[in-house]
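Chains as they are written, first to last, in this note's numbering: chain R, 114 to 494; chain V, 114 to 494. Every residue, glycine too, gets a C-beta built ideally from N, C-alpha and C.
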C-alpha cells in the first residue's frame with residue numbers, strides 16, 4: 114500500500130478560486146501526477162476531508178469528487194474530525210486498502226476559509242470544534258491554546274520569545290516553499306511586536322486562515338502506477354477528552370503522544386530514526402508541546418529544541434520544512450493531507466528548495482481541537 | 114456482526130433541546146438499551162453522522178460522543194454523505210467490524226435543523242448538497258425532485274393525486290409511531306389543497322425540517338450483549354452523477370438500484386422475500402421511484418403499488434410503517450440510522466402499535482442529494 118501521486122493548490126489567504134474550482138484543480142492535478150497514468154476506473158474509494166461547509170459552501174462532495182475523477186465504480190464519503198480531518202481521511206483510506214476493502218483511493222482535502230467574509234466570522238466557525246461547554250463561554254482556539262501556553266510557561270520557564278522562535282523558523286522555511294501562503298521573513302522582534310490575540314499568544318504566534326486543497330492517491334498496487342511510491346509504514350489515531358477543563362495536565366497533548374507511540378510501533382522505528390517532520394503548529398506553543406509528545410524531547414524540554422536550533426531546516430531534526438501551518442498555511446480539511454503530500458515529495462527528493470537532504474523516514478502529526486483527536490503517520494520510500 | 118442496542122429521541126419540528134442535549138440523551142439511551150449491559154470500555158469505534166454544523170452548531174463530535182460514552186479507547190470520526198450520512202455511518206461501522214478492524218461500534222446521527230431561524234435558511238443549507246452548477250441556479254431539492262416528478266408523470270401517466278397517496282399512507286402510519294414528528298391524518302384532498310412549493314410538488318409532498326438524534330450499537334460478538342441481536346445480512350453504497358442535468362433518465366435513481374442489487378446479492382435474498390421496508394421518502398415521488406429501483410415494481414409501475422395499497426401498513430409489502438421521512442420526520446444525519454433502529458425494533462417484535470406482524474426480513478434505503486449517494490441494507494434476526 115503506497116502513495117503514488119500528490120497535488121496541491123498554492124495555499125493562499127484569500128484565493129480567487131471557489132471551493133469547486135479547487136476541487137477540479139486538485140482532482141485533475143493528482144491524476145496527472147501519477148507517472149504511469151491512472152484512470153478513473155482504477156479508483157474505487159473516494160474520501161473527502163472538509164472542516165465545514167461554511168468554508169466553501171459545498172456539502173456531499175464525495176460523489177462530486179468521484180464524478181470529477183470519472184471514478185464511476187468508486188464508493189465515497191466525507192470525513193470530519195475538525196483540524197484532523199485530513200489525517201483522518203488518509204488513515205481511513207490506509208485502513209481500508211490495507212484490509213483489501215479497496216484497491217486505489219483518491220483522498221481530497223479542501224477548505225475555503227475566506228468564504229466567511231471576516232476573520233472574526235471564520236474564527237467563530239472554528240470555535241465550534243471546541244467542547245460545547247467551552248463554546249458557550251466564548252472561547253476561541255487562540256484563547257484555549259493561550260491557556261496551554263501560560264501553563265507551559267509557568268511550569269517550564271519558557272518565555273514568549275521562545276514561542277516566537279517557532280514562528281521565526283517556520284516563516285524562514287516557508288520562504289523556500291512556493292506553495293506557502295505567507296512567504297515573509299519574520300524576526301523575534303516582529304512576533305513580539307505583533308498584537309496580542311489572547312495573552313501570551315500574539316498574531317504571529319497563530320497560523321493564518323487559509324484557502325487551499327490537496328489530493329493524494331493511495332494504491333494497494335503502487336508499482337503499477339509509479340516506480341517511486343512512498344509507503345505509510347505506520348499510522349494511528351487517538352482521542353483525548355474534548356474539553357481542556359476536563360484534563361489533568363494541559364501542558365501535554367496526550368492524544369498526540371498515544372498516536373505517535375502507536376504509529377512508530379507499527380512502523381517498527383523510533384522517533385530518533387525520523388529525518389523529517391511535518392507537525393501541527395496551529396499555534397507556536399503547539400509545536401513545542403508536540404516535540405515532547407513525539408518523544409523528540411523530555412517533558413518540559415521541548416523549548417530547548419527550538420532554542421538550540423535542533424528543529425531548524427539546517428538542524429539535526431528538521432520540523433516543518435514546508436513552513437508548517439504557520440507560514441505555509443492551514444486550510445483545515447487540507448492540512449493533514451498536505452503534510453502527507455509534502456512528505457511524499459520530501460521522501461522522493463522532489464521538495465525543491467526546501468528539500469531535506471537524504472530524508473528517508475518522515476513523520477506527520479495532525480491534530481484537531483485542542484488535541485482531542487490526533488493522527489500520526491510514519492512514511493518512507 | 115449484529116446490532117445489539119438502539120435509541121432514538123422523539124423526532125420534533127422544533128425541539129427545545131440543543132444538539133448537545135440530544136447527543137447526551139441518545140448516548141445514555143443506547144447504552145442503557147443493551148440488555149446484558151455495555152461499558153464504555155467495550156466501545157472501540159465511534160462514528161457520528163451529521164449533515165451540517167449549521168444544523169446544531171457542533172463540529173468535531175466524534176471525540177465528544179466517545180467521551181459521553183466513556184469510550185476512552187475508541188477511535189472515531191464524523192461522516193457526511195448529505196442525507197445518506199446515517200446510512201454511510203452504519204455501512205462504515207459494518208465494514209470495519211466485519212473486517213475485524215473494530216469490535217463494538219457506537220454509531221450516532223443527529224440534526225437540529227431548527228438551529229436555522231427560518232425554513233428558508235434551512236433549505237438554503239440543504240441545497241448545498243446539490244451539484245454546484247445546480248446550486249448557482251438557485252435550485253432547491255424540492256425543485257429538483259419536482260423535475261423528477263414532472264418527468265415521471267409525463268412518462269408513466271401518474272397524477273398528482275397518486276403522489277398524494279404516499280403522503281396519506283405515511284401519515285396514517287406515523288399516527289401509530291410515538292417517535293414521529295407529525296402525527297396527523299392527511300387525506301388526498303389535504304395534500305391537493307396544500308400550497309405548491311415547486312409544481313407539481315406541494316407542501317404535503319415534502320418531508321418536514323426535523324430535529325432528532327438516534328444511536329445504535331453494533332457488535333462483532335452480539336450474543337455477549339443481547340440474546341436477540343439483529344443482523345445486517347447485506348449492505349451496499351452506490352453513487353450516481355451528482356447533477357440531475359448529467360443523467361440520461363431522471364425518472365430512475367440508478368444508485369438506489371445498484372445499492373439494492375448489491376445488498377440483496379450479499380444477503381442472498383430477493384426483494385420479494387422482504388417483509389418490511391423503511392425507505393427515503395423525502396418527497397412523495399421518491400418513494401414511488403424507490404419501489405421500482407428496489408425491484409418491487411417494474412419501471413413505470415411503481416405508482417400501481419401505492420394505488421393498489423400494496424405498500425400500506427396492512428398491505429402485502431409494508432413500506433415505511435414508522436411514518437417514513439414524511440410523517441416521522443427527516444433529521445438528516447439521523448435519518449438512515451433511524452431506519453436501522455426502526456428495523457431493529459420491527460425484527461425483534463418491539464415496534465408496538467406499528468409492528469408489522471411476523472416481520473423477519475427488513476430492508477432500509479437511505480439516499481442523499483437527488484440520489485447521487487444511496488445506501489441499502491438488508492436485516493434479519
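| Query | Result |
| --- | --- |
| Chain R residues whose Cβ lies nearer than 8 Å to that of residue 166 of chain V | 165, 166, 167, 238 and 241 |
| Beta carbon proximity, residue 322 of chain R to chain V, threshold 8 Å | no |
| Inter-stretch contact (C-beta, 8 Å, three-pair minimum) for the region 269–284 of chain V and the region 385–398 of chain V | yes |
| Cut-off 6 Å between Cβ atoms - residues of its own chain near residue 415 of chain R, not counting five sequence neighbours on either side | 401, 404 and 405 |
| Partner residues on chain R for residue 481 of chain V, Cβ-Cβ distance less than 7 Å | 173 |
| Contact list for residue 188 of chain R against chain V, beta-carbon separation under 8 Å | 350, 351 and 352 |
| Sub-8 Å separation of residue 389 of chain V and residue 444 of chain V beta-carbons | no |
| Cutoff 6 Å; reference residue 476 of chain R; Cβ partners in own chain excluding five residues on either side | 387, 390 and 491 |
| Same chain, Cβ closer than 8 Å to residue 376 of chain R, five either side skipped, listed in chain order | 347, 348, 349, 476, 489, 490 and 491 |
| Separation of residue 249 of chain V from residue 332 of chain V, as counted between CA atoms | 44 Å |
| CB contact below 8 Å: residue 273 of chain V versus chain R | no |
| Start and end residues, beta strand (DSSP E) containing residue 518 of chain R | Lying before the first or after the last residue shown, residue 518 of chain R is absent from chain R, which here runs from 114 to 494. |
| Three-way DSSP call (helix, strand, coil) for residue 279 of chain V in this model | helix |
| Any C-beta of chain R under 8 Å from that of residue 191 of chain V | yes |
| Short Cβ contact (8 Å threshold) for residue 453 of chain R with residue 203 of chain R | yes |
| Beta-carbon separation (whole angstroms), residue 450 of chain R vs residue 162 of chain R, contact threshold 8 Å | 6 Å |
| Meets three-Cβ-pair contact criterion under 8 Å: the region 193–210 of chain V and the region 168–179 of chain V | no |
| Classification of residue 362 of chain R by the beta-carbon crowding that lies within 10 angstroms, buried from 16 upward | exposed |
| For residue 368 of chain V, three-class secondary structure by DSSP | helix |
| Residue 400 of chain V CB to nearest heavy atom of the ligand PLP below 7 Å | No copy of the ligand PLP occurs in the structure displayed, which carries no ligand at all. |
| Short CB-CB distance (under 8 Å) between residue 245 of chain V and chain R | yes |
| Backbone secondary structure at residue 223 of chain V - three-state DSSP | strand |
| DSSP three-state assignment for residue 352 of chain V, whether helix, strand or coil | strand |
| Contact set for residue 146 of chain R: own chain, Cβ-Cβ below 7 Å, skip 5 residues either direction | 118, 119 and 120 |
| Assigned exposure category for residue 183 of chain R - 16 Cβ within 10 Å defines buried | exposed |
| Exposure label - residue 440 of chain R; buried when at least 16 CB within 10 Å | buried |
| Outcome for residue 309 of chain V when other beta-carbon atoms lying within 10 angstroms are tallied against a minimum of 16 | exposed |
| Enclosing beta strand (DSSP E) for residue 340 of chain V [first to last residue] | Residue 340 of chain V -> no beta strand (DSSP E), and no H or E assigned at all. |
| Under 8 Å between C-beta atoms of residue 498 of chain V and residue 242 of chain V | Residue 498 of chain V is absent from the model: chain V starts at 114 and stops at 494. |
| Strand pairing of residue 194 of chain R, partner residues [DSSP] | R:196 |
| Bridge partners - residue 252 of chain R, DSSP secondary structure assignment | Answer by DSSP bridge pairing: none, since residue 252 of chain R is not bridged. |
| Chain R within 8 Å of residue 485 of chain V, Cβ atoms only | yes |
| Start and end residues, beta strand (DSSP E) containing residue 324 of chain R | 324–332 |
| Other residues of its chain near residue 206 of chain R: CB distance less than 6 Å, five sequence neighbours each side excluded | 160, 218, 220 and 331 |
| Buried versus exposed call for residue 251 of chain R [16 or more other C-beta atoms within 10 Å across all chains shown] | exposed |
| With 16 other Cβ atoms within 10 Å as the buried cut-off, status of residue 342 of chain R | buried |
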